[in-house]
Structures are given as C-alpha cells and as structure tokens.
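Numbers 218 to 397, taken from the working numbering, label the letters of the sequence shown in order.
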Amino acid sequence: MQQAHPHRLRRFIPAALAIALLLSAPPAMADVVRTVSKEYYIVDGTKPAAIVKSLKRNSPLNEGATTYQANTRTDIRTTYNIEQRGGTCRITHVVVYLHLTYLYPKLKHSVDFETRKWWRKFYRQLEKHELIHGEISSKAAHKLNDTLENLKSGDCYNFKSTAKVKARRVLDQMKKDQAA
C-alpha cells in the first residue's frame, strides 16, 4: 500500500475544507436563488403544415382561440425573518426563491432536412421569446428582494401586512410586464 506524501496531504486538506464550506453555505448569501427546468410536450407531423396543426391541437396552453406553442411558468417564494425591538419591527434574512419552468414542443418523428431546418429556426424563436419571459421574472425576483430588504422599520402592528402589500405590487407589475 502506497502512502500519500505529507506535503500533498497538507494541500488537499485546505482545498477539501474550502469546498465543504462552499457547499454548506446558506442560501442567504444570495439575494435570489434561481433554478430552471425544462418540460416538453409532443408534436406530431413530418412537414411544417402538419406540425403547425399539431402545435395548435396539442399545445398545453390555450386561451380561447389563442394558442401558445411555448410557455414560461414562474414560481416565486420568499423567506424572511421579522425582528422585533420594542414596538418596532424590521425584516432580516431575506431570500427570494425563483423557479422557472420552460415548456417547449418536441417533435415526435424524424423529419427531412428542409423541415428540420424550418423547425430549428422556429424553435430558436420560441426559446428567444421564452427567455424574455424568464428575464422579466428574474428582474421581478430581484426587485422583490430589494423591496423587502429595504423596507423601513415600522410599527409591528401593521408591519407584516405592509410587507405583503409591497410584495404583491411587485408581483402584480411582473404579471403586467409578462402580458405586455
């Protein structure tokens, strides 16, 4: 059995400790904890016309006559502490959790070269558009974090409801921006 050289071991231990500290760091070090996932729905057809028909028929997001071929779902949650001193309260330890779920179509069948070329162009446009929605959500999450962190101390009686009202304004504005 070969023994590790002492000088190699000395270099390894500080690196291992640094990695352990980084991995165990609380999320409070980041103002927004952002996660992203992708989901897909199946689209039938081997030519553009048939694929477009399938997109309209299979899209999981239909609002009356309007069909959306892709979608970005936003889930924003917050955690924070309310610290009380006498009759005055303030918010501490704010963490905003943002989870984005991008929903895209996925071709069920192999397609010819020309259709593949058309599909790639179409798909890139969908991705580009959905990333804009993701960016709107990210900006809102950061604004929510800033709003809560910068909320002035106040009377404890109304403090929690004041925080909720300010947070609701940020989220309502995000919904308006998403619709626009």
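No residue lacks a Cβ here, since even glycine has one placed at the ideal position from N, Cα and C.
Quick caveat: nothing in here was measured; it's all calculated off a predicted structure.
Within the model, the alpha-carbon separation for ILE299 versus GLU347 is close to 36 angstroms. The Cβ-Cβ distance between GLU256 and VAL311 does not fall below 9 angstroms.
Rounded to the nearest whole angstrom, the CA to CA distance from LYS356 to VAL387 is 10 angstroms. Under the DSSP definition of a beta bridge, CYS306 partners with GLN301, GLY371.
The segment 288–295 makes contact with the segment 316–333: 3 or more CB pairs, one atom from each, lie closer than 8 angstroms. The beta carbons of GLN286 and SER276 sit about 6 angstroms from each other, so the pair counts as a contact at 8 angstroms. Shown here, SER378 sits in a helix according to DSSP, grouped into three states.
Between the alpha carbons of ASN362 and THR309 lies a distance of about 11 angstroms. ALA396 sits exposed, since fewer than 16 C-beta atoms from the chains shown fall within 10 Å of its C-beta. Counting along the chain, THR263 sits inside no alpha helix (DSSP H), nor does DSSP assign it H or E at all.
With a 10 Å radius around the Cβ and a threshold of 16 neighbouring Cβ atoms, SER378 comes out exposed. Assignment of ASP394 by DSSP, reduced to helix, strand and coil, places it in the helix class. In the structure shown, SER254 adopts extended strand secondary structure according to DSSP, grouped into three states. Under DSSP, PRO322 shares a beta bridge with TYR258.
Taking the C-beta atoms as reference points, VAL253 is found no nearer than 9 angstroms to PRO322. With fewer than 16 neighbouring CB atoms inside 10 Å of its own CB, VAL382 falls in the exposed class. The alpha-carbon separation between ALA384 and GLY262 amounts to approximately 45 angstroms.
In the three-state scheme derived from DSSP, where H, G and I count as helix and E and B as strand, ASP363 is classed as helix.
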